[in-house]
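Counting with our numbering, you get residues 98 to 381 for the letters of the sequence shown.
Backbone N, C-alpha and C define an ideal beta-carbon position, used for all residues, glycine too.
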Amino acid sequence: MNGKRILLLAKTPLVERLEPTMLKRLAVGGAVNLDRLETAAQTHERTLALVRKVIGAHRVNEWKVERLQAQDATGKDLVITVGGDGTVLTANSLEADIPLLTVNSDPAGSIGMFTRCTADNFAALFEAWLDGTAVEEIIPRLQVRIDNGTPWRVLNECLFGAANPAAMTRYVLTDGERRESQRSSGVWVATAAGSTAAIRSAGVEPVDAHQAALLYKVREPFPGRGPMDLLEGRQMPPTGLKLMPAMPGVSIFIDGPHFHRTVPPGSVAEFSPSPRPLRLLRLS
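In structure tokens form, the structure reads like this:
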């Protein structure tokens, strides 16, 4: 079979992930609007059906976000995500250095910071990619590795802290030539693209998503042994940051709660600019 090799990655709507009894309890408690969730799921399925039809002549592997593995885009020409920002953040874990065509399947309910088309203009963007006229938008990423091991790319943010959120985190923070032993609830480390997310809620001013940056913010510092100096940093461009746990039970959480790794005491989680940015396709 001829055609492009495509990985199609689709989210699973919330109404399909939760049992009906749980959904009912959430609706009664005012946490969700069932009509809105059903409408969002239907809109998503219509968008997904349209995408499948447009790319039907090509060699397509389709996966749900829950099943995605890092190597699933190896040998592919393109990744298409259908969902919202969460779906794009999941695709960020893929090892292959290929462009992403990101579809917002529910523009009425999804912000879509990383999505670049909807059902209305997907076909036009896909055809533009096929004929070479689509624009590649470059979004800088960070990477983090533990003790010079495998680097993991960070698109939005990484949380360094105790796996138990009720525990205080003890660690050493190194920013360039400056080093400080700290106690806190952990440290947010973000890219420019992630500067409008959690780290902004923590009090850091956002920067343009296309800028190469490393931003960090210490969460709920405990000044029991005196004031701390390295509570916030803005590196533009990134120069590097090291975090070394001084206790067991510390992890890094990359782009949300699903991808996490333990950082043993005395090991170092080192953040640096990634040589491979995110490549988002858009119309010119």
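Burial state of residue i (16 or more Cβ within 10 Å)
i	result
Q168	exposed
Q166	exposed
G363	exposed
G321	exposed
A128	exposed
K108	buried
I296	buried
H307	exposed
F368	buried
E116	exposed
S381	exposed
L104	buried
T178	buried
T266	buried
Closest by C-alpha distance to residue i, when choosing among the options
i	options	result
D272	Q332, L134, N253	Q332
V301	D228, G291, Q139	G291
V176	P196, G183, D182	P196
H355	S281, E254, F368, N130	E254
F219	V129, V151, A310	V151
A263	G353, V347, I208, L227	V347
S278	G229, I103, V315, I349	V315
R133	S207, A299, M341	S207
P248	R373, A221, P318, R122	R373
R276	K121, L104, I349, L340	L340
L145	L256, D203, M265	D203
A138	V125, P345, G181	G181
Cα-Cα separation, residue i to residue j
i	j	result
G183	M119	22 Å
D305	A294	13 Å
V232	A193	19 Å
V112	T215	21 Å
M98	L311	Low per-residue confidence applies at M98: pLDDT is 47, beneath 50, and the placement is therefore not dependable, though the value from the model is reported in the following sentence. For M98 and L311, the distance between alpha carbons rounds to 44 Å.
A260	D217	42 Å
L252	D352	7 Å
V241	E135	38 Å
L106	A343	39 Å
V269	W160	40 Å
V365	M210	31 Å
V360	G172	32 Å
V157	G100	9 Å
Beta-carbon gap between residue i and residue j smaller than 8 Å
i	j	result
N201	L375	no
L328	R213	no
R102	D174	yes
T140	V162	no
L338	V286	yes
P237	T199	no
L239	P370	yes
Query - Every unbroken alpha helix (DSSP H) within the segment 152-214, with a cutoff of 4 residues, ordered by chain - result: If one requires a minimum length of 4 residues, the alpha helix (DSSP H) runs lying completely within the segment 152-214 are 182-188, in chain order.
Query raised in the report: Could you give the uninterrupted runs of the beta strand (DSSP E) lying entirely in the segment 247-315, keeping only those of 3 residues or more?
Result: Complete beta strand (DSSP E) runs here, min 3: 249-251, 254-259, 266-272, 275-281, 283-287.
Report task. Could you tell me which uninterrupted alpha helix (DSSP H) segments, each at least 4 residues in length, are contained entirely in the segment 107-159, listed from first to last along the chain? Result -> Taken in chain order, the complete alpha helix (DSSP H) segments of 4 or more residues contained in the segment 107-159 are 111-114, 117-125, 131-151.
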